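Report on the structure given below.
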Amino acid sequence: MQELTLYTNPNSRARIIRWLLEELNVPYQVKVMEYGAEMKSTDFLALNPMGKVPVITHGDLVVTEVAAICAYLADQFAEKGFAPAPDSAERGSYYRWLFFAAGPLEMATSAKAYDWRLDAENAPEVGCGLYEDTINALETALKNGPYICGEQFTAADIYVGSHIIWGMVFKTLEERPAFKEYARRLQARKAYIHASHLDDALQERVPQ
14 MQELTLYTNP NSRARIIRWL LEELNVPYQV KVMEYGAEMK STDFLALNPM GKVPVITHGD
74 LVVTEVAAIC AYLADQFAEK GFAPAPDSAE RGSYYRWLFF AAGPLEMATS AKAYDWRLDA
134 ENAPEVGCGL YEDTINALET ALKNGPYICG EQFTAADIYV GSHIIWGMVF KTLEERPAFK
194 EYARRLQARK AYIHASHLDD ALQERVPQ
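Quick note on numbering: the sequence shown equals residues 14 to 221 in the numbering used here.
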């Protein structure tokens, strides 16, 4: 098996990948990166020119961007069942909501967090559209539950669920009943709890 390494910081979206790796239950190494000089070092920029985490290396392959890493790992370990079969109807929903969270949801909640102007005048030119429309669309992902792809828990739940959990914590996402119920379901998973404990312990040792 090719060596799998997660470059991470516990104060980052790399927590999402840690959660997925714990769900997959595959061996992996962890390389903790400090913000600042270490993430902007020549060696790390050779892996990710953006100078940010998470990054994974799998053998000689480098993958960056959280949604891309989620999709990659689910496919690489397809036997674990964290992505619907390629020829299934659920595969479209899986891709739809995985990349909806990476695009419109990320943009709309960032706009809310930083008070960026997003209104009827500029919404047609902004990829996420209006905040309320984006959140309403997100809610439709949960209507056929208990998971985004129906009965199957997938990497899309890990990615979308993380956005929902953090969005409610940081008040960039409305605490709608559907979101709260979904978050409780995900946070009760053993892998989520274990991954959180690992990163919380790491957080105590990493300079802020």
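Backbone N, C-alpha and C fix where the C-beta goes; we use that ideal spot for every residue, glycine too.
In this text the structure is predicted, and so the values were computed from the model without any measurement.
Where L143 and L186 are concerned, what is the direct C-alpha to C-alpha distance, given to the nearest angstrom?
13 Å
DSSP-derived helix/strand/coil call for K125
helix
Inter-residue spacing [alpha-carbon to alpha-carbon] between V43 and E134
45 Å
Please report the distance separating the alpha-carbon of D73 from that of Y195.
Whole-angstrom Cα-Cα distance: 37 Å.
Status (buried if at least 16 other CB within 10 Å, exposed otherwise) for V79:
buried
Opposing strand residues paired with I206 [DSSP bridges]:
In DSSP, I206 forms no bridge with anything.
Just the Cα atoms here: how many angstroms apart are E92 and W129?
43 Å
Is the separation between the beta-carbon of D212 and that of R26 shorter than 8 Å?
R26 sits away from D212, with the two beta carbons spaced by 8 Å or more.
From G158, G174, E217, A50, pick the residue whose C-alpha is nearest to that of E103; which is it?
G158
Going residue by residue through the stretch 76-134, where are the continuous alpha helix (DSSP H) segments of at least 4 residues, counting only ones entirely within it?
79-89, 103-113, 119-126, all fully within the stretch 76-134.
In angstroms with no decimal places, state the Cα-to-Cα distance between I98 and S54.
The sequence shown places Ala at residue 98, rather than the Ile named in the question. Going from the Cα of A98 to the Cα of S54 covers about 40 Å.
Exposed or buried, what is S106 when buried is set at 16 or more other beta-carbons lying within 10 Å of its beta-carbon?
buried
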